[in-house]
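Quick notes on the structure that follows.
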Amino acid sequence: MRGTFKLCFLLAVTLMLISACGQAAPTESPSEGEQEASESAGQSADKTTLVVGLDDDPPQLDPHFSTAAVDRQVYQNLYDKLVDIDEQLNFVPQLAEDWEISDDGTVYTFYLRQGVTFHDGTPFNAEAVKFNIERMMDPNNGSPRAAELQSIDTIEVIDEHTLEVHLKEPFSPFLAVLSDRAGMMVSPTAIEEKGEDFRNSPVGTGPFKFVERVRQDRLVLERNEDYWGEQPQLEKIIYRPYSDENVRLTNLLSGELDIINKVPPKDVERLRNESGIVLSESGALGFQGLYLNNKDFPFNVKELRNALDLVIDREAIVNVALRDAAIPSAGAIPPGSWAYDESIQVKERDVEAAKRLMAEAGYPDGFSFTLKINPRPVEEQIGQMIQSMAAEAGIDVELEIVEFGTLIDQLDNFEFEAARLGWSGRVDPDGNMHPLLHSNGSINYGYSNPEMDELLDRARAETDPEVRKELYRQAAELAQEESPYIFIYHELDFTAYKDNLKGFRHLPDTMMRFHDVYFE
Amino acid sequence: MIVFILRRLGLMLVILFLVSVIVFSLVHLTPGDPARMMLGQEATPEALEALREQLGLNLPLYIQYFNWLTGILQGDFGVSLKDNTPVLSILLEKLPVTIQLTVFSFIIALLIAIPAGIISAVRKGTKWDYVGTMFSLGGVSIPPFFLGILLIFIFAVSLGWLPPSGYVEPWVDFKQSMLLMILPALTIGVRLSAELTRMLRSSLLEVLQADYIRTAYAKGVMEKGVIFGHALKNALIPVVTVSGLQLATFFGGAVITETIFAVPGLGRLIVDAILTRDFPVVQGAVLFMAVAVVVVNFIIDILYSILDPRIKLTGGQ
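Just so you know, the protein sequences line up as chains H and C, in that order.
Counting in my numbering, the first sequence runs from 15 upward without gaps.
Counting in my numbering, the second sequence runs from 46 upward without gaps.
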């Protein structure tokens, strides 16, 4: 009996010791966080705190160094941009009250809003903008924004609230660039004081300011009482990451969350009929389909690319695999864009024509290739559909599941034949067409056509939207003829929230802005 | 005893050194370039090269390893590639969460396994034994991701008794923290308890055959006294060893369970870090877990000698 007691005692002591270490280590957790944590647990009935379920954990909070899409969700409420977009993708003033573009399209004059301060009290002015842009362009900083801003030649401060940006050559997508991360203004004094640590304690001018972040658990913002615009009604925003889409949805339904982003297609129908939940839908900016390795066989042969393009039934993929939560695609520009042209038609499936093309190119018995896909159920389903569609024309598709990081690496090294990946898209059509189809494009895998390059270069420099639209139409037509990439569908973006949440605007950039949101 | 402890400590260092080499090599042999992951698909080749240079990824692997190891010996685990936070502070932030989950799971496992194992062994061949055996077979067979989702569905969605997922520190809101821990701890605990039940049952059955048990009965000791006073103590010795070894299995289960239940512990940290190729974080977290397993096994070895004097630690004499 004594032995048993000794054993139990030892066990108890060990457990106590372990749990004691557990308690002792992180007591430095700020007291402010405590309150939020319990609020977010859904017990509190207060209607000034918004709890948001995100599809991933935002890696870091400096917009000038961010590459993750989910980071941008938080930035919308933490930072202001020089210009913003509206539902129709028009540019609207934010930190720049007004702007002028010179006739030759190379000088952008920005008239900045007055009386704006950063969360740390630093005044926002033309010097601050210059500091921000130069910070992103400085090659020593290694900012991912540098590529977007490489058209800039010089920046000139005219007076406290006026700024001129001189471009090396006309670059029409410039305002669009400033409506995203490159246009977000961070506090120059905070950068100087905090250095690298700015990524963990950001300072902007936005309607909400940073409180705390606990990796993979929560990210808390509170109302900026000194906001230049109308005060937001919410007092606090708590972002919680849920990488599992089912868990994210479950938490919305059980009341732990007020709003979630990226509702998976399989749940769209169910949420439409769920009482107490609003399902909001918007077209997104990107495109989805197949990257082809245009350098090596089989897809260095134009006819074989065309053949694959022709065997795919886009309607079927959208209906079955995506449960109608997408629309068939005809090109890089989604229907919501001003540059979208209806004359570019979605390709109809035509197996006979595909067979003819293969025979003409000298491959009457078809060919085979490996399609790399990401490890997700929807991707596997799309892959299998393409596999069976291609088989009817004698094209033998082998599927290989490759995790995203590895896949990107393999694309860079041309270690692939085809890969199922898309592009999240940009506000300006240039951001969708140029990277994909221009010889120097960053997501172009071996396609090079001087005619295409010229069209895209001209469209980029042109300032008249009508002329630009025509140039993009020609480029889209050429892309359909050559099929360097197989466009399959444009995503629709779904957000779901509780029906007592009002004032939410769903924009095509899929970013959730909470300035105007309130509870009823 | 001291010689034994010193020898075991030496062995621990060798094991940890080997683990560090293996972890480092595996992480760096994985395809996927951290610079690429950080700069995204649009990155220019110059920017990529500059970033690789800055992160020290262009150095030969053995130099990178050497730098990493010397850093660790000085308590510097490097910084996260994503946001420059020191890896050590990230790990210290996550560790208590995982320890809390571990302790909870073990408590649940023991609460189930000890009575179930005893009943199974003592009532061998009866329906009680079959129920216990079936439970342990089921517990070992059911994959944690499935059990986790099943539990969420039953207790959070259908019945609404417990919150589906999330985490609150116990010193912030004790009740909520406990409620949130129940489902994930159950998911891991059921499996642990299934293994422990089987272990306890067979070891108790073996002990009950021993001569001293017969002697005890012969001397007129009641059954309860025999089991709790004589048999259980000896039967628990192998069980303690096994529960130590289970810590390694536990970490495997935690990776899945923490993802399903959105528990911000070491398991989820590793998954996220692997997906974003945050090498220093992956290395640090795996090394941390390796240290935990090795240290716990060391403690178990010592406990063993205290529990069972037949085992001579000095070896030989």
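Where a beta carbon is used, it is the ideal one built from N, C-alpha and C, also for glycine.
Computed from a predicted structure; not experimentally measured.
Residue 284 of chain H CB to nearest heavy atom of the ligand NAP below 6 Å: For the ligand NAP, the structure offers nothing, since it holds no ligand at all.
Short CB-CB distance (under 7 Å) between residue 241 of chain C and chain H: Contacts with chain H at 7 Å (Cβ-Cβ) do not include residue 241 of chain C.
Chain H within 7 Å of residue 89 of chain C, Cβ atoms only: Yes, residue 89 of chain C lies at the interface with chain H (some Cβ there is under 7 Å from its Cβ).
Selected residue, minimal CA-CA separation from residue 313 of chain H, among H:170, H:123, H:103 and H:496: Looking at the Cα atoms, H:496 is the closest of the given residues.
C-beta neighbour in chain C for residue 74 of chain H, strict 7 Å: Judged by the 7 Å Cβ criterion, residue 74 of chain H is in contact with chain C.
Per-residue burial, residue 56 of chain C [other beta carbons within 10 Å of its own, 16 or more giving buried]: The residue in question, residue 56 of chain C, is exposed, as its Cβ has fewer than 16 Cβ neighbours within 10 Å.
Length-filtered (4 minimum) alpha helix (DSSP H) runs lying within the stretch 399-427 of chain H: For secondary structure counted as the alpha helix (DSSP H) over 4 or more consecutive residues, the stretch 399-427 of chain H holds these complete runs in sequence order: 418-426.
Range covered by the alpha helix (DSSP H) that runs through residue 275 of chain C: Here residue 275 of chain C belongs to no alpha helix (DSSP H), and DSSP marks it neither H nor E.
Three-state secondary structure (DSSP) of residue 59 of chain H: Note that residue 59 of chain H scores 48 on pLDDT, short of 50, meaning its location in the model is unreliable and no value can be drawn from it.
Cβ-Cβ distance between residue 510 of chain H and residue 274 of chain H below 7 Å: Residue 510 of chain H places its beta carbon less than 7 Å from that of residue 274 of chain H.
Contact set between residue 201 of chain H and chain C, taken where Cβ atoms lie within less than 8 Å: Result: empty, since nearest Cβ-Cβ is about 18 Å, beyond 8 Å.
Residues of its chain near residue 352 of chain C, where Cβ-Cβ distance is below 8 Å and the 5 sequence neighbours each way are ignored: By the criterion of a C-beta distance shorter than 8 Å, residue 352 of chain C is surrounded in its chain by 278, 281, 282 and 285, once the five residues flanking it on both sides are discounted.
Top-ranked residue by Cα proximity to residue 268 of chain H, from H:512, H:415, H:526 and H:254: Closest option to residue 268 of chain H, Cα to Cα, is H:512.
Where residue 448 of chain H sits in the DSSP three-state scheme: Looking at residue 448 of chain H - three-state DSSP - the assignment turns out to be helix.
Reference residue 271 of chain H; option with closest CA among H:68, H:485, H:481 and H:152: Closest option to residue 271 of chain H, Cα to Cα, is H:68.
Pair within 7 Å by beta-carbon distance, residue 499 of chain H and residue 303 of chain H: Yes; because the gap between Cβ atoms is below 7 Å, this pair is in contact.
Residues of the stretch 454-465 of chain H with Cβ closer than 7 Å to any Cβ of chain C, in chain order: Look at the stretch 454-465 of chain H: the residues with a C-beta under 7 Å from a C-beta of chain C are 456 and 457.
Residues that residue 65 of chain H bridges to, as DSSP identifies them: Partner(s): H:252.
Element boundaries [beta strand (DSSP E), containing residue 114 of chain H]: That run of the beta strand (DSSP E) goes 110-115.
Identity of the residue in C:99, C:81 and C:136 nearest residue 82 of chain H by Cα: For residue 82 of chain H, the closest alpha carbon among the candidates C:99, C:81 and C:136 is that of C:81.
Among H:369, H:285 and H:356, nearest to residue 325 of chain H - alpha-carbon criterion: Ranked by Cα distance from residue 325 of chain H, the first of H:369, H:285 and H:356 is H:369.
Selected residue, minimal CA-CA separation from residue 159 of chain C, among C:243, C:252, C:139 and C:332: Nearest C-alpha to residue 159 of chain C: C:243.
Residue 189 of chain H in three-state terms, based on DSSP: Taken through DSSP and simplified to helix, strand or coil, residue 189 of chain H comes out as helix.
Alpha-carbon spacing of residue 14 of chain C relative to residue 197 of chain C, whole angstroms: In the structure as shown, chain C starts at 46 and stops at 362, and residue 14 of chain C therefore has no counterpart that could be examined.
Enclosing beta strand (DSSP E) for residue 178 of chain C [first to last residue]: Careful: residue 178 of chain C lies outside any beta strand (DSSP E), inside the alpha helix (DSSP H) at 172-186.
Residues that DSSP places opposite residue 435 of chain H in a beta bridge: DSSP output for residue 435 of chain H lists H:303 as bridge partner(s).
Runs of beta strand (DSSP E) wholly within the stretch 214-289 of chain H (minimum 3 residues, chain order): Runs found: 222-228, 232-237 and 250-255.
Under the three-state DSSP convention, the category residue 201 of chain H falls into: Of the three classes helix, strand and coil, the one that applies to residue 201 of chain H here is coil, per DSSP.
Beta-carbon separation (whole angstroms), residue 333 of chain C vs residue 136 of chain C, contact threshold 8 Å: Going by Cβ atoms, the distance from residue 333 of chain C to residue 136 of chain C rounds to 5 Å, so yes, they are a contact pair.
Where residue 459 of chain H falls: helix, strand or coil (DSSP): Coil, per DSSP.
Interface partners of residue 313 of chain C on chain H, CB under 7 Å: Result: 230.
With 16 other Cβ atoms within 10 Å as the buried cut-off, status of residue 98 of chain C: Residue 98 of chain C is exposed by the Cβ-count criterion.
Residues near residue 407 of chain H in its chain [Cβ-Cβ closer than 7 Å; skip 5 each side]: For residue 407 of chain H, where only same-chain residues beyond five positions count, the Cβ hits under 7 Å are 321, 325, 365, 368, 369 and 380.
Cβ-Cβ separation, residue 298 of chain H to residue 450 of chain H (assumed contact under 8 Å), whole Å: So it is not a contact: roughly 16 Å between Cβ atoms.
Element boundaries [beta strand (DSSP E), containing residue 510 of chain H]: Looking at the DSSP string, the run of the beta strand (DSSP E) that includes residue 510 of chain H is 499-512.
First through last residue of the alpha helix (DSSP H) which encompasses residue 111 of chain C: Note, residue 111 of chain C: alpha helix (DSSP H), 106-118.
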